[in-house]
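J.: I have a structure here, written as structure tokens, and I will follow up with some questions on it.
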Amino acid sequence: MEMEDQMESQRRKGVSSKDNLISETRSGSLGCIGWFIVILSGIFTALLFPLTIWFCLKIVQEYERAVIFRLGRITDRKAKGPGIFFILPCTDSIVKVDLRTVSFDIPPQEILTKDSVTVCVDGVVYFRVSDPIASVANVTNADFSTRLLAQTTLRNVLGTKNLAELLSDREGIAHSMQSSLDEATDNWGIKVERVEIKDVKLPIQLQRAMAAEAEAAREARAKVIAAEGEMNASRALKEASLVIAESPSALQLRYLQTLNTIAAEKNSTIIFPLPIDVMSHFMKK
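When we follow UniProt numbering, the leftmost residue of the sequence shown carries the number 1, and every step to the right adds one.
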């Protein structure tokens, strides 16, 4: 609980610092010279209206948003779009931000696990821009920064796991990576939606050792199962012999049943079992 409270407090601090930075960027005044330039640009646009209209109207797609800078300052609390909007051609500049989910492969990383085993791991990350203004104002290149952070996070998270956890708990590792990335990129206006571990490549010698270990374990289980089967079969034979000993006619019926089974297969040779009691009578003579 204490760890969760600390993470929540850190997240709140990050959100507050992000809001403060953006608010400071937006709340700055243009100054006398800035307003003079804006008014002059408006007059210039009005005088040359038939020509400047093509520079004033901008269109962004449904999956895009436009962050407007007026003399270097963000003009609005919300990004423009989608659709058509108006800007001043001399004082305003726009930066288009794509809101669609981006997926990228994490390059294979050679990682030393907690139990000193070197493995090569790669993965895939899905993220999108949740706050266009923060992604433009708070980081130079949000996409590139997220890619680099994903590589380092993969190495840091897997470095605390042993080989057994790495092979069996991929879902938990992916969830841990997603939480770490989402918390780190919150100030950049990035939302990490999903992280997946694609492949874990082991050294050839380790693969052979694990295969030999698994084969030996299977052979041991097979021998135990065969021994248990023999024991159960011997117990069943013992019970059958006791039943036959109580009723001598049961042995003769078993002989006849065996003959019936042999005859059903249309064999030319018929084996007739001779009771041991008859042979012992001739041997005494």
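Just so you know, even glycine gets a beta-carbon here, dropped at the ideal spot from N, CA and C.
(1) If I measure Cβ to Cβ from VAL102 and keep anything under 8 Å in the same chain, skipping five residues before and after, which residues do I get?
(2) Using 10 angstroms around the beta-carbon of ASP115, count the other beta-carbons present and answer buried if the total reaches 16, otherwise exposed.
(3) With DSSP as the reference, label ARG100 as helix, strand or coil.
(4) Measuring only the C-alpha atoms, how far is GLN61 from ALA217?
(5) Count the other CB atoms within 10 Å of the CB of ALA245; is the residue buried (16 or more) or exposed (fewer)?
(6) By the 10 Å Cβ neighbour count, where 16 or more other Cβ atoms means buried, how is ALA46 classified, buried or exposed?
(7) Buried or exposed: MET177, going by 16 or more other Cβ atoms within 10 Å of its Cβ?
(8) Could you compute how far the alpha carbon of ALA209 sits from the alpha carbon of PRO203?
(9) Can you tell me whether THR160 is buried or exposed, with buried defined as 16 or more other CB within 10 angstroms of its CB?
(10) Does the distance from the C-beta atom of ARG70 to that of VAL38 stay below 9 Å?
(11) With a threshold of 6 Å on Cβ separation, who are the neighbours of THR52 within its own chain once the five nearest residues in sequence on each side are excluded?
(12) On the DSSP letters alone, give me the boundaries of the alpha helix (DSSP H) that GLY34 sits inside.
(13) Taking just the CA atoms, how far does GLU215 sit from LYS238?
(14) Buried or exposed: where does ASN141 fall if 16 or more other Cβ atoms within 10 Å of its Cβ makes it buried?
(15) Between which residues of its own chain and ILE197 is the CB-CB distance below 7 Å, once the five residues before and five after are set aside?
(16) Can the beta-carbon of ILE87 be found closer than 9 Å to that of ILE106?
(17) Figure out for me which residue from GLU165, ASP92, LEU57 and ALA220 has the closest Cα to the Cα of ASN40.
(18) Pick out the complete alpha helix (DSSP H) segments inside the UniProt domain "Band 7" (55-214), 4 residues or longer, and give them in chain order.
(19) Return the residue from the list ASP182, PHE49 and ALA236 that minimises the CA-CA distance to THR153.
(20) Less than 8 Å between the CB atoms is what I'm expecting for ALA150 and ILE74, so what's the real figure, rounded?
(21) Are residue 327 and GLN109 close, meaning C-beta to C-beta below 9 Å?
(22) Can you find the residues in the same chain that come closer than 7 Å, C-beta to C-beta, to LEU57, ignoring five residues on each side of it along the sequence?
(23) Going by other Cβ atoms of all chains shown within 10 Å of its Cβ, with 16 needed for buried, is ARG65 buried or exposed?
(24) Our contact map puts PRO132 next to ALA79 with C-beta atoms below 8 Å; I'd like the distance itself, whole angstroms only.
(25) By DSSP, does SER247 sit in helix, in strand, or in coil?
(26) For residue 286, which residues of its own chain have a beta-carbon under 6 Å away from its beta-carbon, when the five flanking residues on both sides are left out?
T.: Put simply:
(1) TYR126, PHE127, ARG128 and ASP143
(2) exposed
(3) coil
(4) 60 Å
(5) Its Cβ having fewer than 16 others within 10 Å, ALA245 is exposed.
(6) Counting Cβ neighbours within 10 Å, ALA46 comes out exposed, since fewer than 16 surround it.
(7) buried
(8) 10 Å
(9) exposed
(10) yes
(11) THR45 and PRO89
(12) 31-47
(13) 35 Å
(14) exposed
(15) Answer for ILE197: VAL121, GLY123, ARG170, ILE173 and ALA174, listed in chain order.
(16) No, these two residues do not count as a Cβ contact at 9 Å.
(17) Note on residue identity: the sequence assigns Leu, not Asn, to residue 40. Ranking GLU165, ASP92, LEU57 and ALA220 by Cα distance to LEU40 puts ASP92 first.
(18) Correct list: 132-137, 142-158, 163-168 and 170-184.
(19) Its Cα nearest to that of THR153, the residue ASP182 stands out among ASP182, PHE49 and ALA236.
(20) 28 Å between Cβ atoms; not a contact.
(21) Nothing about residue 327 can be reported from this structure: the residues present for the chain run from 1 to 285 only.
(22) Beyond the five residues adjoining it in sequence on each side, LEU57 comes within less than 7 Å, by CB distance, of ILE84 and PHE86 in the same chain, given in chain order.
(23) buried
(24) 4 Å
(25) coil
(26) Residue 286 is absent from the structure shown; the chain starts at 1 and stops at 285.
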